[in-house]
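Sequential numbering from 0 applies to the sequence shown in numbering that gives the first Met the number 0.
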Amino acid sequence: MLKVENLTFSYNKTPVLKAISFCAKPGENLAIIGESGSGKSTLLQLLYGTFDLNEGQIFWKDNQILGPKFNLVIGYDFMKYVAQEFDLMPFISVSENIGKHVSNFFPEEKKMRIAELLEVVELSEFAHLKVKTLSGGQKQRVALAQALAKQPEIILLDEPFSHIDNFKKHSLRRNIFKYLKDQNITCVVATHDKDDVLGFADKMLVLSDNTIFVTDCPKQLYKNPKTPLIASFFGEFNILDNTIVYAHELKVVEKSNLKATVTKAYFKGNYYLIEAVLNKKTVFFEHETSLDNRRVVYLKMVKKLNQFC
Ligand code: ADP
Ligand code: MG
C-alpha cells in the first residue's frame, strides 16, 4: 500500500507541507482537496519522487519513493502521474501517442490495447487525428490514456477533468474511476471539484494551513462538515446558531423564528437558490419555485444539529 509518514517539504524557507501522514490500500481511491495553493500538486509530485523531502518517508509496498538526490531518473514503473499540464507529441496521432506507452512486443495485442484505452477515454473516433489539432480537454484524455497504458499499480491524477467540458465530463469520470476500481489500481486524485469525489472517493484528505486538516470518508465529511472550508467544498451553506447549514437544509415553513426577506432568486435547473436577508445577514436556501424580491418567508433548519467548532 501507499504509506506517507510525517512528510515535510518546502521549496524555499517556508514549508508548503508539514507533518503529512496518510495511507492508501491497493485499489483505493483517495481524493486530496484544498484551496488553490494549499499544496495539492506539490504533494502529488512528492509522491512521484519529483523533489527531495525535508523530512519523512514515502513507501509504495516495499519500495521507498526517493527524490532526485537519490534517484537519477524520476518515476517508477508501478506509478504514473498525470500532471495539470500535460506533455504530448503534437505531430503524431492520438493512437500513436498512446502506443508510445504500450509494449511493441505483440503487435496484435498492442492494437487491441490501444483500442481499449481509446474507449476508456472516449476518443475512439479521434484515433487518427494529430494531437496538435485536439482541444485542451481531448489532450487531457490522451494523457490519461497514456498513464493507464502500462497498467500502473498506482496512478496520481492532478485535476484530471479540469480541461474537459461538461458534455463529456460526467461519463468520462465514471469510465475512468470504474476502470481504476476494476483493475484494482490505487488512485490519488487532487481536485477542487466535489463531483470528482462524491460517489468515487473512498477517503478524502483535506489540506489546510500546510497540513492535513482531516481525513475521512466523503459521506462523513459531507454530512458533518467540521469547518466552513469543508462545507464550501460541497456547496452553498450558512452558519446559523454556530451550526453549518447547507442551503438545501433550510426549508420555507408557515411560521418560525427565522424570518427572512428574499433579495434574489437564481435558477439552478431542478431548484432555485434563493438569497435572503435574515437578521441583517445574507442566507441561502433552496426552493422549488422562484420567490419574488422582498417577499417575507419563515425558514426552518432540517438537519440534526452538529456543533460548529
Ligand atoms: P495547489 O495544487 O493546491 O494549487 P501547489 O502545490 O501548486 O498548490 O502550490 C502550493 C504552494 O507552493 C503555493 O504557495 C505555490 O506558490 C508554491 N509553489 C508551487 N510550485 C512551486 C515551485 N516550483 N517553486 C516555488 N514555490 C512553488
Ligand atoms: Mg495544483
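Beta carbons are placed, not taken as given, at the ideal position from N, Cα and C, and that holds for glycine.
Reduced DSSP secondary structure (H/G/I, E/B, other) of H286: Here residue 286 corresponds to residue number 287 of the sequence shown, with the count starting at 1. Of the three classes helix, strand and coil, the one that applies to H286 here is strand, per DSSP.
Taking the alpha carbon of K254 as the point to measure from, which residue in G26, V295, Y10 has its own alpha carbon closest? Numbered from its first residue, the sequence shown carries residue 254 at position 255. Taking only the C-alpha atoms, the option nearest K254 is V295.
Buried or exposed (CB count within 10 angstroms, at least 16 for buried), E158: Here residue 158 refers to the residue found at position 159 when the sequence shown is read from its first residue. With 16 or more other Cβ atoms within 10 Å, it is buried.
Between Y10 and the ligand ADP, is there a pair consisting of the residue's CB and a ligand heavy atom that are separated by less than 7 Å? Against the sequence shown, residue 10 aligns to sequence position 11. Yes; taking the cut-off as 7 Å, the Cβ of Y10 has a heavy atom of the ligand ADP nearer than that.
Just reading off the beta strand (DSSP E) that E274 is part of, what are its end residues? In the sequence shown, counting from the first residue as 1, residue 274 sits at position 275. 271 to 277 is the span of the beta strand (DSSP E), which, as asked, contains E274.
Alpha carbon of I97 to alpha carbon of I113, nearest angstrom: Working through the sequence shown from its first residue, we reach residue 97 at position 98. Working through the sequence shown from its first residue, we reach residue 113 at position 114. Distance between the alpha carbons of I97 and I113: 7 Å.
Under 6 Å Cβ to Cβ from P89, same chain only, skipping five residues before and after it: list those, please. For the purposes of this step, residue 89 is identified with residue 90 of the sequence shown, where counting begins at 1. Around P89: V130, K131.
Can you check which of these residues, E54, S20, L29, is closest to Y10 by C-alpha distance? Numbered from 1 along the sequence shown, position 11 holds the residue referred to as residue 10. The residue with the shortest Cα to Cα distance from Y10 is E54.
Could you check where the alpha helix (DSSP H) with K17 kicks off and where it finishes? Within the sequence shown, residue 17 is the residue found at index 18, counting from 1. Premise fails: K17 lies in the beta strand (DSSP E), 16 to 23, not in any alpha helix (DSSP H).
Use the C-beta contact count for E108: other C-beta atoms within 10 angstroms, 16 or more gives buried, fewer gives exposed. Residue numbering aside, residue 108 sits at position 109 when the sequence shown is read from its first letter. By the 10 Å Cβ count, E108 comes out exposed.
Less than 7 Å separating the Cβ of Q139 from some heavy atom of the ligand MG? Here residue 139 corresponds to residue number 140 of the sequence shown, with the count starting at 1. Q139 Cβ: outside cutoff for every heavy atom of the ligand MG.
Any non-hydrogen atom of the ligand ADP within 7 Å of S35 CB: By one-based count along the sequence shown, residue 35 stands at place 36. Result yes, Cβ under 7 Å from the ligand ADP.
I want to check one thing, is the minimum distance from the CB of G38 to the heavy atoms of the ligand ADP below 7 Å? The residue you call residue 38 lines up with position 39 of the sequence shown. Yes - the ligand ADP has a heavy atom lying nearer than 7 Å to the Cβ of G38.
Determine the DSSP secondary structure at Y221, reduced to helix, strand or coil. In the sequence shown, residue 221 corresponds to position 222, counting from 1. DSSP places Y221 in helix when its eight states are reduced to three.
Determine the direct distance from the alpha carbon of K302 to that of K39, and round the result to whole angstroms. Within the sequence shown, residue 39 is the residue found at index 40, counting from 1. Within the sequence shown, residue 302 is the residue found at index 303, counting from 1. One C-alpha to the other measures close to 32 Å.
Just how far apart, CA to CA, sit G36 and V252? Against the sequence shown, residue 36 aligns to sequence position 37. Against the sequence shown, residue 252 aligns to sequence position 253. Their Cα atoms are separated by approximately 41 Å.
What is the DSSP secondary structure of Y47, counted as helix, strand or coil? By 1-based counting over the sequence shown, the position of residue 47 is 48. Of the three classes helix, strand and coil, the one that applies to Y47 here is helix, per DSSP.
Assuming the contact rule is C-beta atoms closer than 8 Å, T185 and I153 should be a hit. Round their C-beta distance to whole Å, please. By 1-based counting over the sequence shown, the position of residue 185 is 186. By 1-based counting over the sequence shown, the position of residue 153 is 154. Yes, T185 and I153 are in contact; Cβ-Cβ is about 4 Å, under 8 Å.
Cα-Cα separation, F310 to P14: There is no way to answer for residue 310, as the model of the chain reaches only from 0 to 308.
Measure how close the beta-carbons of E121 and R140 come, nearest whole angstrom, since I'm counting them as under 8 Å. Start at 1 with the first residue of the sequence shown, and residue 121 comes out as number 122. Start at 1 with the first residue of the sequence shown, and residue 140 comes out as number 141. The pair is a contact, with the Cβ atoms about 7 Å apart (cut-off 8 Å).
Compute the Euclidean distance between the alpha carbons of P227 and K138, then round it to the nearest angstrom. Taking the first residue of the sequence shown as 1, we reach residue 227 at position 228. Taking the first residue of the sequence shown as 1, we reach residue 138 at position 139. Going by the C-alpha atoms only, they are around 35 Å apart.
Integer-rounded CB distance, given that I31 should sit under 8 Å from L147: Numbered from its first residue, the sequence shown carries residue 147 at position 148. Numbered from its first residue, the sequence shown carries residue 31 at position 32. Actually they do not touch by this definition, with Cβ atoms about 20 Å apart.
Compute the Euclidean distance between the alpha carbons of V93 and L298, then round it to the nearest angstrom. Sequence index remark: in the sequence shown, residue 93 carries index 94 (1-based). Sequence index remark: in the sequence shown, residue 298 carries index 299 (1-based). Each residue's alpha carbon lies about 54 Å from the other.
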